[in-house]
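Chains as they are written, first to last, in the numbering used here: chain A, 28 to 370; chain B, 33 to 709.
Before any comments, here is the structure.
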Amino acid sequence: MEDKIKNIENEMLKEVESAKNRDGLEQVRIKYLGRKGLISEILSSLGGMSVEEKRKVGPLANSLKINATAVFQEKARRLEKEKTKEEGIDFTLPGARPEIGRIHPLIKTINEINEIFIGLGFRIVESPEIETEFYNFKALNIPLDHPSRDVFDTFYLDSPEKTRPGSRRLLRSHTSTAQIRIMEKEKPPLQVLSSGRVFRPDAVDASHSFMFHQMEGFMINKNIRFSDLKGVLTQFSREMFGPETKMRFRPHFFPFTEPSVEIDISCIICGGKGCRVCGNKGWLEILGAGMINPKVYETVGYDPKAWSGFAFGMGIERITMLKYGIDDIRLFFENDLRFLRQF
Amino acid sequence: MQITYKWLKEYVDIKAPPEELAHLLTMAGSEIKSIDKKKEDCIFEVEITPNRSDCLSMIGLAREVAAITGEDLKLPKTTIIGETVDKGLPIAIEVQAKELCPRYSGRIISNVAVGNSPAWLEERLKSVGLRPVNNIVDITNFCLFETGQPMHAFDYDKIEGRKIVVRNAKKGENIITIDGVKRELSPDMLIIADEKRPIAVAGVMGGLNTEVTGSTKNILLESAYFDPISVRLTSRKLGISSESSYRFERGVDTGSVVSASNRATLLINELAGGKEGILIDKNDIKYKPTKISYDVKYASKLLGCEISNAESNAIFKSLGFETRGSGNKLKIEIPSFRRDLKYEVDLIEEAARIYGYEKVPSTIPEMVSQISRKTQARTIQDITRELLTASGLYEIITYSLISRNLLSKLRPDNVNVISVANPLSAEQEVMRPSIVPGMLNTVLWNINRKINSLKFFELGNIYGKEKEVFKESLNLTIAMTGNAEENWRQKRKLDFFDLKGVIEMFLQGLGVENPGFCKGDVPYLSKGESAVLKIGDKTIGSAGKLEKEILAKFGLKQDVYIAELNMEEIASAARLGKAFQPLPRFPFVIRDVSIVLDKNVLSSEIISAIRNSGVQSIIKAEIFDEYNGEQIPKDKKGLSISIVYQDKNKTLTDQEVDQLHSKIRELLAQKFSAQFR
């Protein structure tokens with residue numbers, strides 16, 4: 028009898044396993060657990076057994092029934108799952124992504140800087156790209172004999188009529204022209220930011236381009252101090268490059284500011300230890316700045332004793348290259364989609 | 033410029049190790065770009081700003097070190113006692129071009145023994161990257177590095193007519209410079225000549241004809257001041273950049289002409305023997321030292337940091353300035369080697385940089401509150417970028433300068449195009465009058481890299497002449513090519529309506545009311561698949577498929593759809609502040625109508641006829657199908673229009689809608705001879 032129970036169990040397990048669907052499984056279930064099924068038969072045969080036999084066979088038969096019930100339920104669950112899979116989707120196929128474009132990385136940088144300075148109370152203005160010698164040089168205290176006035180450093184435009192030296196048309200070689208454009212039109216206090224394309228006749232290579240982008244900012248009020256320049260630009264750098272950014276202010280020279288300063292931040296790649304990007308110096312030059320030269324105020328008719336202020340400028344390509352680790356400036360103007368997609 | 037730690041130490045005591053010294057110099061404005069540690073010395077690459085020509089020498093930088101560290105400056109001896117005249121060696125010096133050469137000095141040194149320099153001198157020159165030549169030339173080079181004053185030694189016996197003339201070159205003159213290259217000279221160049229011919233390009237390079245060689249017995253030592261602009265232009269024109277021209281271009285110290293000559297003479301005596309003659313000094317410079325008033329209080333106020341009277345005084349003295357006055361008001365006398373200092377702010381910078389920019393605190397000024405943080409134009413640009421990128425377009429930036437050749441592919445005439453007077457190459461000949469050529473080049477660039485589905489836009493200026501006035505105006509250009517969609521579910525080629533849809537969405541986003549696509553002729557667009565865009569009567573742009581011929585010129589093989597839009601017109605038509613429209617309270621009813629009508633009738637005419645029908649309850653009318661199947665005669669087309677009726681004040685009944693709809697049907701039948709299907 029015991030062997031018989033064992034055989035029934037084995038047979039049942041085999042048949043359950045090979046059941047292909049719910050109907051097949053139901054057939055098997057009826058065969059074993061149905062009212063006239065094999066297991067039911069054994070249970071009902073218990074009545075005609077001796078006490079001793081009953082004690083032996085009874086528990087076996089009972090546990091067979093319990094096990095069998097569990098086996099059928101489990102198999103039913105599995106079949107249900109498989110069925111869903113058969114009729115459902117292949118969710119591993121790619122999703123239909125809505126295609127969105129990207130703004131150019133240089134514009135992204137400009138926008139980021141704009142947002143920071145707007146937060147500091149600055150205003151964004153536009154300034155022309157076609158300029159005159161007056162705005163690009165003279166008004167900014169760049170004398171006639173300054174090397175950057177050479178044709179080698181500025182693109183001049185073919186003028187309709189012959190113009191005198193000093194009033195020739197040119198493509199701005201820096202965005203500092205915006206200072207003069209605004210100061211000419213408005214009176215202080217001023218907190219202004221302007222960015223855009225600038226042009227210099229440089230042969231194109233991995234780090235030079237005859238067209239690039241700059242941003243210029245300035246602030247003029249009563250009693251603006253050199254310490255304010257340090258404070259505002261420190262705040263900007265920390266927001267732009269992270270709160271841990273260290274800075275250093277080096278004396279420098281610009282004709283339109285005095286005192287002038289060049290600002291380095293601790294290398295954002297190596298944190299100041301020295302690496303390829305910072306030329307092992309640990310510092311990256313990012314800003315030129317200074318207190319606006321009284322000569323500039325004189326040109327636009329401000330009283331240099333009444334007003335003071337600072338101006339600053341930065342190269343957008345340089346900052347973008349540092350930020351993303353881009354090593355070739357030409358990538359910005361090739362506009363390879365594989366490049367643009369990354370921003 | 034290269035300097036060395038050991039050489040610098042000759043003129044000032046330096047206690048700081050090289051790295052620290054580099055830091056000190058950098059933080060005072062002479063940036064040390066790199067440090068090259070050698071066995072016994074340390075080479076610094078130092079970047080001197082254009083205003084500080086005085087620092088283009090060991091003594092100049094030693095003065096900086098002295099000011100920063102408080103040590104004393106030690107200068108070499110430059111006085112010559114008991115000058116003798118060698119009667120047998122006469123020389124006449126005539127300066128004709130006094131404006132370009134306000135000071136010229138010459139001294140004859142006779143019976144020198146030309147030979148190799150001693151080891152220490154050769155080492156010095158090698159350490160800053162110079163090749164030793166002979167003791168005479170080496171001494172002039174050494175003194176150039178020491179004092180910043182370039183000098184030149186001529187072989188006296190090769191000077192024809194015993195005469196030096198400083199003059200402009202004559203037309204057709206030429207010279208073989210000591211590097212062996214024949215140079216054509218032009219009248220704007222300053223030269224040193226003898227009686228017959230040029231013997232040096234002033235301040236740039238000497239001539240081979242009077243070079244000091246092993247057989248030279250007597251020399252003429254030149255020390256002069258040449259006009260910086262003249263030297264720069266000549267050096268650029270001839271393509272020669274020498275240690276000498278580099279310094280003259282930035283302006284040498286007019287006051288060091290004689291002392292440097294003396295220093296060199298003393299060294300020549302020491303190392304090559306010889307007998308020196310009297311210095312002939314043709315000096316036209318009447319130097320009066322600049323005096324600047326300095327207000328200590330004002331300086332502290334501008335810096336936001338107090339630098340006391342005593343501190344300020346000490347700083348100025350250490351830099352070699354004379355100071356007078358007491359209390360807050362100082363009078364500073366500027367030496368000739370610091371011509372860059374002209375105004376009080378210049379001195380404030382001197383005080384601040386020696387005091388240390390690092391010691392100035394960081395403060396936040398009181399900000400002014402400004403209402404408009406962005407101009408309307410800027411806001412519109414930002415929204416434009418948002419809307420276009422949201423439509424799947426990538427922003428590109430192409431050059432504002434392009435070649436004539438590239439432009440001519442788009443349009444044959446170059447009228448009213450601004451050209452560049454001094455382009456570096458053909459790639460920068462003209463200012464783009466359109467973004468299209470640059471954009472098509474970008475399309476080609478990508479297609480050549482097997483990226484065939486592209487949607488680009490550029491927001492930038494285009495340039496042109498309008499009645500001889502230069503104009504720049506903001507333009508938006510869009511290019512689309514390849515597939516509109518490509519994924520495993522579907523692939524569909526782009527067409528005109530993909531481009532049009534982007535433009536419509538964009539204009540709607542800016543609140544531009546009633547833009548219209550109208551018939552128009554755009555030379556580079558296909559006649560059958562293009563339109564001009566108008567707001568009211570104003571043409572604001574164009575859109576369409578690129579003409580096959582143009583496509584071929586750019587080397588493109590697949591269709592490209594292009595739109596050009598005038599952003600200034602669009603900005604003035606934009607309405608950003610929109611009022612809320614209350615939601616309708618009563619339901620709407622849709623009625624469709626399918627008609628067959630003349631092929632030439634534009635669907636926009638139908639829609640505007642329905643809109644202007646006077647039926648108030650029509651809130652929307654749009655085409656939902658166009659068909660040209662077999663059932664439609666060749667000169668006709670079928671259109672299906674969906675019209676939405678809704679009343680603000682009540683629910684429309686079926687009968688009411690039927691009535692309104694039949695009015696529309698009547699209108700279509702009458703106006704367009706439409707037949708109903």
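Idealized CB from N, CA, C, for every residue including glycine.
DSSP state of residue i mapped onto helix, strand, coil
i        : result
A:Ser222 : strand
A:Asn141 : helix
A:Asp355 : coil
B:Gln34  : strand
A:Thr261 : helix
B:Ile396 : coil
B:Ser358 : coil
B:Ile535 : helix
A:Met76  : coil
A:Met210 : helix
A:Gly146 : helix
B:Leu588 : coil
B:Leu438 : helix
B:Ser85  : helix
B:Ser645 : coil
A:Asp185 : coil
A:Gln241 : strand
B:Asp630 : strand
B:Asp569 : coil
B:Asn448 : coil
Residue environment, residue i, which counts as buried when at least 16 other CB atoms sit within 10 Å
i        : result
A:Glu211 : exposed
B:Arg709 : exposed
B:Leu132 : buried
B:Asn206 : exposed
B:Gln413 : buried
B:Ile396 : exposed
A:Pro321 : buried
B:Ala584 : exposed
B:Phe258 : buried
Cβ distance (whole Å) where residue i is taken to contact residue j below 8 Å
i        : j        : result
B:Gly246 : B:Val169 : The pair is not a contact, with the Cβ atoms about 11 Å apart (cut-off 8 Å).
B:Gly271 : B:Lys228 : Not a contact, Cβ separation roughly 26 Å.
B:Arg417 : B:Leu491 : 7 Å
B:Phe502 : A:Arg196 : 6 Å
B:Leu671 : B:Ile627 : 6 Å
B:Lys577 : B:Ser558 : 4 Å
B:Thr355 : B:Asn345 : 5 Å
B:Ile710 : B:Ile312 : What the structure shows of chain B is the stretch from 33 to 709, and residue 710 of chain B is not part of that stretch, so it cannot be assessed.
B:Ile46  : B:Leu53  : 6 Å
Residue i: first and last residue of the uninterrupted alpha helix (DSSP H) it sits in
i        : result
B:Cys175 : 167-179
B:Val78  : Where B:Val78 is concerned, there is no enclosing alpha helix (DSSP H), although the beta strand (DSSP E) it sits in stretches over 74-79.
B:Glu345 : Residue identity check: residue 345 of chain B is Asn in the sequence provided, not Glu. First-last of the alpha helix (DSSP H) with B:Asn345: 341-350.
B:Leu700 : 686-704
B:Tyr387 : 376-387
B:Ala94  : 90-101
Where the beta strand (DSSP E) containing residue i begins and where it ends
i        : result
A:Trp310 : 310-319
B:Ala124 : 124-127
B:Arg199 : 195-200
B:Tyr495 : 486-498
A:His279 : 274-281
B:Ala511 : 501-513
B:Tyr326 : 323-327
B:His55  : Run containing B:His55: none in the beta strand (DSSP E); it sits in the alpha helix (DSSP H), 50-58.
B:Asn315 : 312-315
Residue i Cβ short of 8 Å to the ligand ZN heavy atom set
i        : result
B:Ile412 : Although the ligand ZN was asked about, the structure shown includes no ligands whatsoever.
| said: Give the list of continuous beta strand (DSSP E) stretches no shorter than 3 residues that lie fully inside the stretch 204-291 of chain B. | reply: Inside the stretch 204-291 of chain B, DSSP marks whole beta strand (DSSP E) runs of 3 or more residues at positions 206-208, 214-216, 222-225, 230-233, 251-257, from first to last along the chain.
| task | Return the chain-ordered ranges of every alpha helix (DSSP H) run that is complete within the stretch 83-132 of chain A and spans a minimum of 4 residues. | result | Taking only runs of at least 4 residues, no alpha helix (DSSP H) segment lies wholly in the stretch 83-132 of chain A.
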